[in-house]
Ligand code: SAM
Ligand code: SF4
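Residue numbers (my numbering): 1 to 503.
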């Protein structure tokens, strides 16, 4: 068999129809395009009183009904939108307080058998230089990220290809966890590896579970069936809408219980897509005992070399609408984490973080092998899409601290079994925040000692003092005195160079 034949045989073996057909209802999936439009059209001109009632429901951390989300999406009055923004910020604070989590993407391979019209990695893009990192190279990248920049969380990203199959993905995850680098006062290591890769079978997902996958993230890109079929050409694996739509069902079946969904905004009408995300969250909650998406992502389509579709689309999302969709997602699925990435400019990130975002990336590079020092900057031109914000982690953390946000490097949740149903319950009742606040203080202290510039350290220390004081004020109503003493004990030990102490 030649290479192409081998590739074709592999492609034919990927999709296992029985693994999604069993979830379908008489051959229909849970996204009914007509029903979504009926909801959007049937909730026009919503009464302000009804909108305010819906906002109260979100504040009680309850997932909204499709009619309720559709009503929010139909608000026209800009003053009412101001109330919506205020409430989305309030809901975010109630569930996640002033914490923000940072991570970096690590692109491992850009070989891809698919041909998504919007992506620089698509098969027909001859201009793309194809590369797959060796396991040693993956370790080198992880060393820079963990030892020089100070990241504790990565999202590893792969094109869909036999060269980056589940076995390779598992090997890269294992290799990353093995990296441990001495730092100024302690050591750096990656403590959580999330994965953004193609939909997989239950068996492959079990393999990733074994090597310690954090969150499994797959974006549906668009929930609109016809648009989906058009931008993911026939004859490719990705053309199969249902194989993708049900991949989180398979993940949960395989025991990977932190799952992440998303839409690539700009392919179709943004209001329709927000409804799609809501239907997806509700479907997961109903089939898996209340486990909904751990995070929702909402990337906007960015220019990419060799992907002319980006210029053609008539659904580009303006900055104003971007803010609205973020607020409505926050209110519709109030417990979920929300990720804004470096695709967006610094100005936009500044504006949307307070509206509901809980995670963001920094020091981001999306070329294959781009974190090592010898990386050829010209290669950066040939990447999946173009970035909007290339600031360093130190700069971002400093700015966030100035805005009153504490960067949390906490990865305790999944290591202590706070995933799936347990995390959902904690998030819905606001209890997750109690652990997180303490772990945010401890991990921020670690990071300041190991990686911060003098300027960032100074601002960060002021923030830490304030956070510790807040915990103290909540004795005994929220924190028992012994917990506070334990916190101070851990804090002093971290200052002396111990690492990875958490609640
Ligand atoms: N190949 C896997 C897949 O398609 O799911 C995972 C990797 S893919 C590189 C990760 C995500 O990048 C896609 O899900 C898509 O939403 C996003 N993406 C692709 N092209 C983009 C573009 N031009 N602008 C912004 N995001 C893009
Ligand atoms: Fe391949 Fe993913 Fe890019 Fe599509 S979005 S071309 S599947 S890497």
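Yeah, the Cβ is synthetic: ideal placement off N, Cα and C, and Gly gets one too.
Using the three-state DSSP reduction, which class does residue i fall into: helix, strand or coil?
| i | result |
| --- | --- |
| residue 276 | helix |
| residue 20 | helix |
| residue 110 | coil |
| residue 105 | strand |
| residue 262 | strand |
| residue 228 | helix |
| residue 154 | strand |
| residue 62 | coil |
| residue 297 | strand |
| residue 76 | coil |
| residue 100 | strand |
| residue 407 | strand |
| residue 32 | coil |
| residue 124 | coil |
| residue 216 | strand |
| residue 12 | helix |
| residue 5 | helix |
| residue 269 | coil |
| residue 282 | helix |
| residue 504 | The question about residue 504 has no answer, for the chain in this structure spans 1 to 503. |
| residue 47 | coil |
| residue 83 | helix |
| residue 428 | helix |
| residue 395 | helix |
| residue 130 | coil |
| residue 25 | strand |
| residue 221 | strand |
| residue 250 | helix |
| residue 390 | coil |
| residue 236 | coil |
| residue 164 | helix |
| residue 119 | coil |
| residue 453 | coil |
| residue 257 | coil |
| residue 305 | coil |
| residue 460 | helix |
| residue 292 | coil |
| residue 147 | helix |
| residue 435 | helix |
| residue 445 | helix |
Using 8 Å for Cβ pairs, my map puts residue i next to residue j. What's the rounded Cβ distance?
| i | j | result |
| --- | --- | --- |
| residue 179 | residue 106 | In fact, because the Cβ distance is near 11 Å, the residues do not count as touching under 8 Å. |
| residue 99 | residue 357 | With 8 Å as the limit, residue 99 and residue 357 do not qualify as a contact, their Cβ atoms being about 11 Å apart. |
| residue 222 | residue 259 | Their Cβ separation, rounded to whole angstroms, is 19 Å, which puts residue 222 and residue 259 out of contact at 8 Å. |
| residue 118 | residue 301 | 6 Å |
| residue 102 | residue 362 | 5 Å |
| residue 484 | residue 464 | Rounded, the Cβ-Cβ distance is 15 Å, inconsistent with contact. |
| residue 236 | residue 114 | 5 Å |
| residue 205 | residue 250 | 6 Å |
| residue 325 | residue 265 | 7 Å |
| residue 261 | residue 248 | 7 Å |
| residue 10 | residue 162 | 4 Å |
| residue 404 | residue 185 | That pair is no contact at about 26 Å. |
| residue 493 | residue 501 | 6 Å |
| residue 336 | residue 215 | Wrong, their Cβ atoms sit about 12 Å apart, outside the cutoff. |
Quick one: does residue i have its CB under 8 Å from some CB of chain B?
| i | result |
| --- | --- |
| residue 468 | Looking for chain B here will not work: only one protein chain is present. |
Those runs of the beta strand (DSSP E) which lie wholly inside the stretch 307 to 369 and span at least 3 residues: 337 to 340 and 359 to 361
For a minimum of 4 consecutive residues, which ranges assigned as the alpha helix (DSSP H) are wholly contained in the stretch 166 to 214? 166 to 178 and 202 to 210
As an exercise, report each continuous alpha helix (DSSP H) stretch of at least 4 residues that is fully enclosed by the stretch 467 to 501, in chain order. 481 to 495
Is the stretch 324 to 332 in contact with the stretch 57 to 64, if contact means three or more CB pairs nearer than 8 Å? yes
Could you tell me whether the stretch 69 to 88 touches the stretch 116 to 134, where touching means 3 or more Cβ pairs closer than 8 Å? With a cut-off of 8 Å on Cβ pairs, the stretch 69 to 88 is not in contact with the stretch 116 to 134, counting fewer than three such pairs.
May I ask you to verify whether the stretch 290 to 300 touches the stretch 29 to 43, counting CB pairs closer than 8 Å and requiring at least 3? no
So does the stretch 285 to 292 actually touch the stretch 237 to 246, counting three or more Cβ pairs closer than 8 Å? When Cβ pairs closer than 8 Å are counted between the two stretches, the stretch 285 to 292 is seen not to touch the stretch 237 to 246, the count staying below three.
Any contact of the stretch 136 to 155 with the stretch 165 to 176, i.e. 3+ C-beta pairs under 8 Å? yes
Is the stretch 244 to 254 in contact with the stretch 211 to 229, if contact means three or more CB pairs nearer than 8 Å? yes
Meets three-Cβ-pair contact criterion under 8 Å: the stretch 451 to 464 and the stretch 81 to 89: no
Quick check: the stretch 43 to 54 against the stretch 67 to 74, are at least 3 beta-carbon pairs closer than 8 Å? yes
Would you check if the stretch 340 to 354 and the stretch 389 to 398 touch, i.e. whether three or more CB-CB distances between them fall below 8 Å? yes
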